[in-house]
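Residue numbers (my numbering): 571 to 792.
Cβ coordinates follow ideal geometry from the N, Cα and C atoms, glycine included.
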Amino acid sequence: MTQMKIPVVRNILQANDRLADANRKVFDGAGIFAINLMSSPGAGKTSLLEKTIDALAGRIKMAVIEGDLQSDFDAERIQRKGVQAVQINTEGGCHLDGNMIQMALEALELRDVELLVIENVGNLVCPAEFNLGEHEKVMILSVTEGHDKPLKYPLMFQLCSALLINKIDLLPYTDCDIDVIRSSARQLNANQAIFEISCRTGDGLPEWLDWLEAKVRSSRGK
Ligand SMILES: Nc1nc2c(ncn2[C@@H]2O[C@H](COP(=O)(O)OP(=O)(O)OP(=O)(O)O)[C@@H](O)[C@H]2O)c(=O)[nH]1
Ligand SMILES: [Mg+2]
571 MTQMKIPVVR
581 NILQANDRLA
591 DANRKVFDGA
601 GIFAINLMSS
611 PGAGKTSLLE
621 KTIDALAGRI
631 KMAVIEGDLQ
641 SDFDAERIQR
651 KGVQAVQINT
661 EGGCHLDGNM
671 IQMALEALEL
681 RDVELLVIEN
691 VGNLVCPAEF
701 NLGEHEKVMI
711 LSVTEGHDKP
721 LKYPLMFQLC
731 SALLINKIDL
741 LPYTDCDIDV
751 IRSSARQLNA
761 NQAIFEISCR
771 TGDGLPEWLD
781 WLEAKVRSSR
791 GK
């Protein structure tokens, strides 16, 4: 039997990087600071956005792209806060990619927007592999997920410039050791900013907001 040569698409990620570069040009051209917000399902991404929107109201104009397999629940939550939101449904896809963001940008009014947050699909693995053109990757780990997660799922921790440890109000009910999360995360990424927060009580949010505001302002100064 003669064997047919099988064509192999070698680098999906390379093609994605080209789209991400194009998105970055759009962000930079419009003076927008863009964040790719990632975590496991339910760690608190939309809750953090709701708190952040309230805190920055009147100071920084925001827009949000929401990524989910199905539903527009999260985009509705953002719109209820008075912020422009576009929902991407990946219909089974476990992460957002550059092409999806390119399409979502067409549906947004970018004028005057200073901060764009892209809430990725809830997943601790694949979203980290796909650049979207963002300026910073930010992640949340909630204490209910366990302190072993940085070393079990290292890539996201390696790539994110900020790690928010959320749901610290639940610490008394878990066996989570935050010092273990901190030291493992440091081992993976020595320069990462780490915040201990509760979106329920508001603890730790001022430090996160200072970090975020400083990033937006310094990107505008460039
Ligand atoms: N106790 C407690 N619950 C929280 C906290 N932050 C978020 N939650 C709850 O956790 C659940 C999930 O929060 P979401 O903000 O929807 O999480 P998400 O990461 O956006 O979820 P997906 O988009 O589905 O991946 C909700 O019931 C929130 O009320 C917190 O700091 N403490
Ligand atoms: Mg959400």
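Asked: L721: which of S768, Q757, L680, N659 sits nearest, CA to CA?; Found: Q757
Asked: So what does F643 bridge to, in DSSP terms?; Found: None, per the DSSP bridge assignment.
Asked: Quick one, which of P697, Q654, A784, C746 has its alpha-carbon nearest A763's?; Found: A784
Asked: Compare the C-alpha of P682 against each of A698, E646, A600, M709 and name the closest.; Found: The sequence given here places Asp at residue 682; Pro does not occur at that position. Per the Cα distances, A600.
Asked: Rounded to a whole number of angstroms, what is the C-alpha to C-alpha distance between T714 and I576?; Found: 45 Å
Asked: Is DSSP giving L702 helix, strand or coil here?; Found: coil
Asked: Return helix, strand or coil for I574, following the three-state DSSP convention.; Found: The sequence shown places Met at residue 574, rather than the Ile named in the question. Looking at M574 - three-state DSSP - the assignment turns out to be coil, as it is neither helix nor strand.
Asked: With distances taken between CB atoms, is the gap from N736 to G614 smaller than 8 Å?; Found: yes
Asked: Check whether the region 700 to 718 and the region 743 to 757 are in contact - that is, three or more C-beta pairs closer than 8 Å.; Found: yes
Asked: Does ligand 1 have even one heavy atom less than 7 Å from the beta-carbon of P697?; Found: no
Asked: Put K707 into one of helix, strand or coil per three-state DSSP.; Found: strand
Asked: Less than 8 Å between the CB atoms is what I'm expecting for E661 and L639, so what's the real figure, rounded?; Found: 7 Å
Asked: When you compare the region 641 to 649 with the region 664 to 677, are there three or more beta-carbon pairs, one atom per stretch, that lie closer than 8 Å?; Found: no
Asked: Helix, strand or coil: how does DSSP classify S768 here?; Found: coil
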